[in-house]
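>
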Amino acid sequence: MTLKSAFLLGVFTFQSFTFAFVQERQSGKKISKSTKPISILLSKPRAGWTVDRMVEVAGKVSDVEVDPITININGDKYLIRTINGEFKRKFPVTQGKNYIEVSASNKAGIFTERKSIFAKIPSLPFLAILTSDTDNVYTDLHVYEPGLSEADPNAKPTAHIYWADTSSASGGKFYLNEQGGNFDQPGYGPYLYTHSSPPTGIYRIDANYWPSGDKAHTLSTLNLTLFGGTSNEVKKRVQVPLVTPGETVTLAYVRIQKGNSINVYVPAVDQKPKRGEWPEWVLDAPLTRKGTEN
Numbered sequence: 000m001t002l003k004s005a006f007l008l009g010v011f012t013f014q015s016f017t018f019a020f021v022q023e024r025q026s027g028k029k030i031s032k033s034t035k036p037i038s039i040l041l042s043k044p045r046a047g048w049t050v051d052r053m054v055e056v057a058g059k060v061s062d063v064e065v066d067p068i069t070i071n072i073n074g075d076k077y078l079i080r081t082i083n084g085e086f087k088r089k090f091p092v093t094q095g096k097n098y099i100e101v102s103a104s105n106k107a108g109i110f111t112e113r114k115s116i117f118a119k120i121p122s123l124p125f126l127a128i129l130t131s132d133t134d135n136v137y138t139d140l141h142v143y144e145p146g147l148s149e150a151d152p153n154a155k156p157t158a159h160i161y162w163a164d165t166s167s168a169s170g171g172k173f174y175l176n177e178q179g180g181n182f183d184q185p186g187y188g189p190y191l192y193t194h195s196s197p198p199t200g201i202y203r204i205d206a207n208y209w210p211s212g213d214k215a216h217t218l219s220t221l222n223l224t225l226f227g228g229t230s231n232e233v234k235k236r237v238q239v240p241l242v243t244p245g246e247t248v249t250l251a252y253v254r255i256q257k258g259n260s261i262n263v264y265v266p267a268v269d270q271k272p273k274r275g276e277w278p279e280w281v282l283d284a285p286l287t288r289k290g291t292e293n
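Using numbering that gives the first Met the number 0, you'd call the opening residue of the sequence shown number 0 and step up by one each time.
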């Protein structure tokens, strides 16, 4: 299926990608029919403060048929699978106060539990989190970084960070979707990428789609936070449909310049920049690619 055929299946707007499909998708979500109110035990993180960049969110919901639950961290929402009602996953936190909310729903309504934690950590300059709204699919995150020795600020990125190569020479880190004891669990995600000292230059962020046999397409969501908690903070949320098995879609280009000046270009949403605003290789690059090579 192509993006063109996706248009024929439903209503599609490019302002943050609002979707309304004629046929219901097989998302893999389990809709609990219980009419009993859900109690949520949010055992981690413990209230107080932390000096860790990665904080585990863990707990249990009383209705074991609820799968997935929703975790909201500082306004960014993620679907997290449950196993016999239990859930756990580590997330990067930002400098200062972090707000965490866990939500679960059934026929009785939507139930939430909230907690906050203060992180005594340096600001995290680069955070990218990729999720999808469909279970049992791989929406792999691929990040291309500038090379450490690259003098040209407009050069193509040369370092490739993804599930098989989870760290870069400059300090970029990739976190696999490890839930339920599996090495790399397919499903909602999240896939995480962080960099505590990103080099200047242009970064490319891609999603590579591998569905199971009964899943036609999914909606990927990329949450970007750049220099969070500082006067240079930039937050961007990108939602793009993934429809063709094996296809890679470029979600965003990020340019970091001296002084922590930031530009973000989302090819599927933003108006194409004028010549000279971005290098030719960005402006002329295809939105989709076969495979994951640079």
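Glycine included, C-beta positions come from ideal geometry on N, C-alpha and C. All values derive from a computational prediction rather than experimental measurement.
Counting along the chain, where does the alpha helix (DSSP H) carrying Trp277 start and finish?
Premise fails: Trp277 is in no alpha helix (DSSP H) and is neither H nor E.
> Any idea if Thr247 is buried or exposed, counting beta-carbon neighbours within 10 angstroms, 16 or more meaning buried?
Under this definition Thr247 is a buried residue.
> When the Cα atoms are used, what is the spatial distance from Ser167 to Ile160?
For Ser167 and Ile160, the distance between alpha carbons rounds to 7 Å.
> Asn135 to Tyr187, Cα distance in whole Å?
Each residue's alpha carbon lies about 8 Å from the other.
> With 16 as the cutoff for other CB atoms within 10 Å, does Glu144 come out buried or exposed?
With 16 or more other Cβ atoms within 10 Å, it is buried.
> I'd like the list of long-range same chain contacts for Ala57, defined as Cβ closer than 6 Å, with 5 residues on each side in sequence excluded.
Cβ within range, chain order: Ser42, Lys43, Lys87.
> So, with DSSP's three-state summary, where would you put Val50?
Of the three classes helix, strand and coil, the one that applies to Val50 here is coil, per DSSP.
> What's the call for Gln270, buried or exposed, on a 16-neighbour Cβ count within 10 Å?
Looking at its Cβ environment, which holds fewer than 16 other Cβ atoms inside 10 Å, Gln270 is exposed.
> Say whether the stretch 100-117 touches the stretch 196-207, bearing in mind that this needs 3 or more beta-carbon pairs closer than 8 Å, one atom from each stretch.
Not touching, per the Cβ criterion.
> Leu225 and Val237 look like a contact to me (Cβ under 8 Å); what is the Cβ gap, rounded to whole Å?
That pair is no contact at about 13 Å.
> Would a C-beta distance cut-off of 8 Å place Pro91 and Thr193 closer than the cut-off?
Contact: yes.
> Looking only at C-alpha atoms, which of Leu175, Asp75, Asn83 sits nearest to Val60?
With distances taken between Cα atoms, Val60 lies closest to Asn83.
> Apart from the five residues on each side of it in sequence, which residues of its chain come closer than 6 Å, Cβ to Cβ, to Leu223?
Taken in chain order, the residues that qualify are Ala127, Lys235.
> Excluding the five sequence neighbours on either side, which residues of its own chain have a C-beta within less than 7 Å of the C-beta of Thr81, listed in chain order?
Closer than 7 Å at the Cβ level, and outside the excluded window around Thr81, lie Val60, Val65, Asp66, Pro67, Ile68.
> Bridge partners for His141 per DSSP, in chain order?
In the DSSP output, where bridge partners are listed per residue, His141 has Asp205.
> By Cβ distance below 8 Å, which residues in the same chain neighbour Asn97 in space, the five residues on each side in sequence not counted?
Same-chain partners within the cutoff: Val54, Ile72, Asn73, Ser115, Ile116, Phe117, Ala118.
> Output the distance between the C-alpha atoms of Lys29 and Thr243, rounded to the nearest integer angstrom.
Taking the straight line joining both Cα atoms gives about 25 Å.
> CB-CB under 7 Å to Leu147, same chain, minus the five flanking residues each way: which ones, in chain order?
Cβ within range, chain order: Ala168, Ser169, Pro198.
> Given a cut-off of 8 Å on the beta-carbon distance, is the pair Leu129 and Ser195 in contact?
The answer is no: Cβ separation not under 8 Å.
> Helix, strand or coil for Ile79 per DSSP?
DSSP places Ile79 in strand when its eight states are reduced to three.
> Please classify Asp164: is it buried, with 16 or more other beta-carbons within 10 angstroms of its beta-carbon, or exposed?
Exposed, because fewer than 16 other Cβ atoms sit within 10 Å of the Cβ of Asp164.
> Output the residue ranges of the beta strand (DSSP E) runs that lie fully inside the stretch 187-274 and measure 3 residues or longer, sorted by chain position.
The stretch 187-274 contains these whole beta strand (DSSP E) runs: 190-194, 200-210, 217-225, 233-241, 246-256, 260-264.
> One question on the structure: do Asn207 and Asp139 come within less than 8 Å of each other, judged by their Cβ atoms?
Yes; because the gap between Cβ atoms is below 8 Å, this pair is in contact.
> Going by alpha carbons, who is nearest to Leu40 out of Lys257, Ile99, Thr34, Asp51?
Considering only alpha carbons, the answer is Ile99.
> Who are the Cβ neighbours of Ile261 in its own chain at under 8 Å, not counting the five residues just before and after it?
Leu225, Phe226, Asn231, Val233, Val253, Arg254, Ile255.
> Classify Val21 as buried or exposed, calling it buried when 16 or more other Cβ atoms lie within 10 Å of its own Cβ.
Residue placement at Val21 cannot be trusted, given a pLDDT of 34 that sits under 50; what the coordinates show is reported in the next sentence. With fewer than 16 Cβ atoms within 10 Å of its Cβ, Val21 is classed as exposed.
> Pop quiz: Asn105 and Asp75 are said to be a contact at Cβ under 8 Å. What is the actual Cβ separation, rounded to whole angstroms?
Incorrect: roughly 24 Å between the Cβ atoms, too far for contact.
> If we count the other Cβ atoms within 10 Å of its Cβ and call it buried at 16 or more, is Leu221 buried or exposed?
The residue is buried, with at least 16 neighbouring Cβ atoms inside 10 Å.
> Rounded to a whole number of angstroms, what is the C-alpha to C-alpha distance between His141 and Gly95?
Whole-angstrom Cα-Cα distance: 28 Å.
> So if DSSP puts Val56 in a beta bridge, which residue, or which two residues, is it bridged to?
Beta-bridge pairing links Val56 to Arg88.
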